[in-house]
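Residue numbers (UniProt numbering): 1 to 144.
No residue lacks a Cβ here, since even glycine has one placed at the ideal position from N, Cα and C.
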Amino acid sequence: MNGAPELARKIAESVSWPSPGVSSFFLWAPSRSRRWLQFDCQSYGHGAHLASILDAAEADIIGTHISAQKINHPVWIGLHDPEQNRRWKWTDGSTYNYRSWLRNQPDNYHQKEYCVELSCIEKFQTWNDAICNQASPYVCKFKP
């Protein structure tokens, strides 16, 4: 995706809450698969990880800002199934309580879908399980 650094900067500036110590989000556009993205997020410091979405308010903020960027592609988040047993975990260690799956998801299509993306179908508010080696934009979360 051309202009990825500028896009990431714009979103990092625009997607933050005014309260100190509250999580911020930014978007990046990779050229590689989901399994490498956690390292990309961590390289930004601030304890950055692929984004965990812990409630409807976070889902709304992330979805609104990504939609405003006119992205027409799913976006990776930090939810995954590392043991491939359908027990979902956030890469930052957050508790998996909030769920926002698309209808009939997760479906583990062809028994190969162990990573989760925000679906562009419903304004990045719902999740789809997907094959981890697809290259897609992704959202990192960090504490400022």
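query = Closest to A57 by CA distance: which of N128, R99, E113, D107 is it?
reply = Of N128, R99, E113, D107, the residue nearest in Cα terms is R99.
Per DSSP, what kind of secondary structure is A51 in: helix, strand or coil? Three-state DSSP puts A51 in coil, outside helix and strand.
* Assuming residue 152 contacts C132 (C-beta within less than 8 angstroms), just tell me the rounded distance between them. => Only positions 1 to 144 of the chain appear in this structure, which leaves residue 152 out of reach.
For the alpha helix (DSSP H) holding G63, just list the boundary residues, first then last. Counted as a single uninterrupted DSSP element, the alpha helix (DSSP H) harbouring G63 occupies residues 56 to 68.
_I'd like the span of the beta strand (DSSP E) that includes D129, first residue to last._
Here the beta strand (DSSP E) through D129 covers 127 to 131.
- Message: Suppose you measure from the CA of I71 to the CA of E83; what does that come to, to the nearest Å?
- Response: I71 and E83: Cα-Cα distance of roughly 31 angstroms.
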